[in-house]
Amino acid sequence: MATSEIALSGTSRLLLQKKKDISSSSPRLYNSFIRQRSVKFNAKSSDGQKCFRLAQIACSVAPSQTQTPAPAPAPSTTTIAPDGSKRECFGVFCLTYDLKEEEEPKSWKKLIKIAVSGAAGMISNHLLFKIASGEVFGPDQPVSLNLLGSERSFGALEGVAMELEDSLYPLLREVSIGVDPYDVFRDAEWALLIGAKPRGPGMERADLLDINGKIFAEQGKALNAVASPNVKVLVVGNPCNTNALICLKNAPNIPPKNFHALTRLDENRAKCQLALKAGVFYDNVSNMTIWGNHSTTQVPDFVNAKIHGKPVTELITDTKWLEEEFTEIVQKRGGVLIKKWGRSSAASTAVSIVDAVKSLITPTPEGDWFSSGVYTTENPYGIADDLIFSMPCRSKGDGDYELVPDVIINDYLRERIKKSEDELLAEKRCVAHLIGEGIGYCDLPGDTTLPGEQ
Ligand code: LMR
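Residue numbers for the sequence shown follow the UniProt record's numbering, so the first one is 1 and each next one is one higher.
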């Protein structure tokens with residue numbers, strides 16, 4: 001027993017005797033057990049002073065069994081870390097559990113910090129619970145969730161943190177919430193940048209690039225200053241390729257290879273459509289590349305994709321369907337969904353973020369690959385340097401990736417890849433002022449839009 005500060009209550013003793021059974025039979029119960037133990041924590045006293053005290057937390061013990069009820073910590077508490085950084089920890093996650101090392105499950109890895117922006121939004125609402133459950137980083141990986149919101153969404157952010165508390169996830173060891181990226185991104189090993197402004201009525205695409213670009217420039221600077229130097233950054237907020245480039249350019253201390261723009265949703269959509277056409281289940285579709293921008297110029301590559309290990313074109317011989325219908329369905333899927341739902345995709349986006357992260361932390365199956373928007377410099381496909389462009393990647397499962405060299409790029413693909421490249425070069429010119437390349441000048445091709453803009 002690690003808690004030496006105070007005597008155990010009768011309830012705690014009983015729980016201790018049962019600890020072995022509980023921990024081996026049910027992680028949820030084990031977590032509940034941990035939460036009922038004597039703990040010490042930092043909290044604000046009623047006059048706002050920071051104080052240090054001992055308390056007993058009783059989450060699920062019937063009132064008759066409890067001794068003195070614990071004073072509930074403030075829902076959200078600012079703590080000052082030894083390095084001087086501020087942390088807005090939340091509720092039960094402000095508690096510092098006094099566990100000796102041997103009491104943690106032996107198989108658990110070292111805690112990792114994951115920062116999520118747009119944390120009060122719909123995509124995060126699906127994603128955070130997957131991360132907390134262990135579905136993303138594994139059942140032996142304790143996680144710290146550091147959630148970035150805005151002043152306007154702060155109440156909702158607290159609501160999210162409350163739901164995370166109430167879910168009693170054993171692997172979720174820390175939750176902090178905040179509105180300052182310099183606080184929230186501190187020591188982050190993963191940054192999932194979801195928050196961005198959607199395009200509003202009368203807003204030009206160039207306006208969106210500028211407004212969101214500023215957000216990502218600021219977040220890039222914050223990551224550069226306070227995140228782990230090897231932080232992996234996945235940009236979801238649109239226009240995600242250019243936002244990722246802006247973020248990268250504002251974070252010179254972080255390797256450019258660590259920046260990704262989410263095109264996994266497009267890959268998943270493409271696999272689904274090919275499976276549907278071929279009459280197979282979608283896990284039989286592999287080697288699916290999305291080339292280019294997460295926009296309607298993206299190129300879902302049926303030339304290199306496979307079904308049951310054979311080229312798609314051997315099973316789906318309707319070339320007109322592949323070149324026209326399939327391609328357009330995938331390019332515009334986001335927009336069709338917005339029409340049906342009245343809002344952007346959220347659950348499937350969250351699933352694709354999970355897929356994208358897992359693709360980097362698990363070895364890619366032999367012969368297969370996945371798509372991610374990554375840095376183009378030194379790519380083997382002849383795509384212009386210094387862009388974030390979706391390309392085929394493989395990973396050894398160490399968080400890093402390599403580009404797949406031996407793919408066919410025929411005239412059909414080359415022509416379309418070029419169009420997406422032109423669009424990204426135009427987007428880059430628009431945000432020149434945000435990437436240290438002079439004055440921004442927008443000459444965006446009029447017919448290219450985000451998947452959701454039609
Ligand atoms: C999607 O692909 O579903 C979204 O990126 C659409 C959008 O424009 O928000």
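Quick reminder that beta carbons are idealized off the backbone N, C-alpha and C, glycines included.
Under 8 Å Cβ to Cβ from residue i, same chain only, skipping five residues before and after it: list those, please.
i: residue 212; result: 196, 197, 237, 238, 239 and 243
i: residue 466; result: Missing from the structure shown is residue 466; the chain here goes from 1 to 454 and no further.
i: residue 383; result: 376, 389, 391, 417 and 421
i: residue 405; result: 380
i: residue 308; result: 280, 284 and 315
Could you check where the beta strand (DSSP E) with residue i kicks off and where it finishes?
i: residue 115; result: 112-117
i: residue 373; result: 370-375
i: residue 259; result: 259-261
i: residue 301; result: 299-301
Please list, in chain order, all residues of the same chain as residue i whose beta carbon is under 6 Å from its beta carbon, the five residues on each side excluded.
i: residue 362; result: 397
i: residue 111; result: 142, 144 and 173
i: residue 412; result: none
i: residue 401; result: 393 and 395
i: residue 26; result: Below a pLDDT of 50, predicted positions are generally treated as unreliable, and residue 26, at 34, falls in that range; the measurement from the model is reported next regardless. If we look at residue 26 and ignore the five residues flanking it on each side, it has no Cβ neighbours.
i: residue 321; result: none
i: residue 355; result: 264
i: residue 387; result: 376 and 424
i: residue 430; result: 206, 209, 440 and 442
i: residue 245; result: 388
i: residue 267; result: 288, 290 and 371
Is residue i helix, strand or coil by DSSP?
i: residue 359; result: helix
i: residue 40; result: Note that residue 40 scores a pLDDT of 26, beneath 50, so its modelled location is shaky; the value from the coordinates is reported in the next line. Residue 40 falls in the strand class under three-state DSSP.
i: residue 197; result: coil
i: residue 172; result: strand
i: residue 384; result: coil
i: residue 293; result: coil
i: residue 89; result: strand
i: residue 235; result: strand
i: residue 137; result: coil
i: residue 306; result: strand
i: residue 178; result: strand
i: residue 190; result: strand
i: residue 94; result: helix
i: residue 319; result: helix
i: residue 402; result: strand
i: residue 389; result: strand
i: residue 365; result: coil
Assuming residue i and residue j are in contact, meaning their beta carbons sit under 8 Å apart, how far apart are those beta carbons, in whole angstroms?
i: residue 296; j: residue 332; result: 6 Å
i: residue 316; j: residue 274; result: 7 Å
i: residue 122; j: residue 346; result: 4 Å
i: residue 263; j: residue 395; result: Not quite, the Cβ-Cβ distance comes to about 15 Å (not below 8 Å), so this is no contact.
i: residue 374; j: residue 136; result: With a Cβ gap of about 20 Å, residue 374 and residue 136 do not count as contacting.
Excluding sequence positions up to five away, which residues of its chain have a Cβ less than 7 Å from the Cβ of residue i?
i: residue 219; result: 117, 181, 193 and 247
i: residue 188; result: 113, 114, 115, 146, 227, 228 and 231
i: residue 224; result: 250, 251, 252, 253 and 254
i: residue 385; result: 376 and 377
Between the C-alpha atoms of residue i and residue j, what's the straight-line distance to the nearest angstrom?
i: residue 226; j: residue 428; result: 26 Å
i: residue 134; j: residue 144; result: 12 Å
i: residue 231; j: residue 441; result: 31 Å
i: residue 432; j: residue 438; result: 6 Å
i: residue 410; j: residue 304; result: 10 Å
i: residue 284; j: residue 92; result: 44 Å
i: residue 452; j: residue 294; result: 10 Å
i: residue 167; j: residue 124; result: 15 Å
i: residue 109; j: residue 140; result: 6 Å
i: residue 343; j: residue 349; result: 12 Å
i: residue 256; j: residue 233; result: 10 Å
i: residue 235; j: residue 319; result: 33 Å
i: residue 290; j: residue 299; result: 5 Å
i: residue 155; j: residue 191; result: 22 Å
i: residue 162; j: residue 367; result: 43 Å
i: residue 36; j: residue 207; result: A caution first: residue 36 carries a pLDDT of 28, below 50, which makes its placement in the model unreliable, though a value can still be read off. Each residue's alpha carbon lies about 52 Å from the other.
i: residue 158; j: residue 215; result: 22 Å
i: residue 325; j: residue 337; result: 17 Å
i: residue 330; j: residue 287; result: 16 Å
i: residue 456; j: residue 292; result: Residue 456 lies beyond the range of the chain shown here (1 to 454); nothing can be said about it.
i: residue 131; j: residue 160; result: 13 Å
Which residue comes first and which comes last in the alpha helix (DSSP H) that contains residue i?
i: residue 133; result: 122-133
i: residue 145; result: Where residue 145 is concerned, there is no enclosing alpha helix (DSSP H), although the beta strand (DSSP E) it sits in stretches over 143-148.
i: residue 412; result: 411-430
i: residue 213; result: 205-226
i: residue 288; result: First-last for residue 288: undefined, no H or E at that position.
i: residue 346; result: That residue, residue 346, is in no alpha helix (DSSP H); it is neither H nor E in DSSP.
i: residue 333; result: 327-341
i: residue 154; result: 154-166
i: residue 109; result: It is not in any alpha helix (DSSP H) - residue 109 carries neither H nor E in the DSSP assignment.
i: residue 247; result: 240-249
i: residue 266; result: 264-278
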